[in-house]
Amino acid sequence: MNISIITIGKLKEKYLKQGIDEYLKRLSAYAKLDIIELPDEKAPENLSETEMVIVKEKEGERILSKISDDTHVIALAIEGKMKTSEQLAKEIDQLATYGKSKIAFIIGGSLGLSQQVMKRANDTLSFSKMTFPHQLMRLILLEQVYRAFRINRGEPYHK
């Protein structure tokens, strides 16, 4: 299985990089995993609604340019579907069973995802109704993907 995490913004925090590297190493036994970092759109602090849409659209175009037609896209969004770890594991397993060997998880920038990206998504996923920094979401997502593979293989993993 080929899994991509397409994300807006650069990761700067050393402690997050270390955690992400650890999960990338662990996941290498189960899947090919790529993290595609795309630049965020530079914008002033106080944006109008129209300016926010423009920023999200520009970031969305970058995201969509990295997705092939045969990729199953899961967009991370607060308004997405909340799932248990077991439900996510089952979804990943079913995708593999039915020949969807390419999965892309999308993490937007600080303003979220454009309508175009949300329309392209085959599914949405929310980890919480709370807002998390998008850099931290990479680590949380990788941990959950790793947990999903462990669940699907019947391998022990702490609960």
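Under this note's numbering, the very last position in the sequence shown is 1047; numbers go up by exactly one each time. Quick reminder that beta carbons are idealized off the backbone N, C-alpha and C, glycines included.
- As the crow flies, the alpha-carbon of residue 1028 is around 22 Å from that of residue 982.
- Relative to residue 953, the option among 927, 911, 1039 and 1019 whose CA is nearest is 927.
- Comparing alpha-carbon positions, the option among 1018, 996, 906 and 915 lying closest to residue 961 turns out to be 996.
- In the displayed model, residue 925 falls within a strand according to three-state DSSP.
- CA-CA distance, residue 1031 to residue 932, rounds to 33 Å.
- One Cα belongs to residue 938, the other to residue 966, and the distance between them is close to 21 Å.
- In summary, residue 970 is exposed, with fewer than 16 beta-carbon neighbours lying within 10 Å of its beta-carbon over all protein chains present.
- Taking residue 1011 as reference, the option from 986, 896 and 963 with the minimal CA-CA separation is 963.
- Between the C-alpha atoms of residue 1005 and residue 951 there is a straight-line separation of about 8 Å.
- With respect to the 7 Å criterion, residue 889 and residue 989 are classified as neighbours on the basis of their beta carbons.
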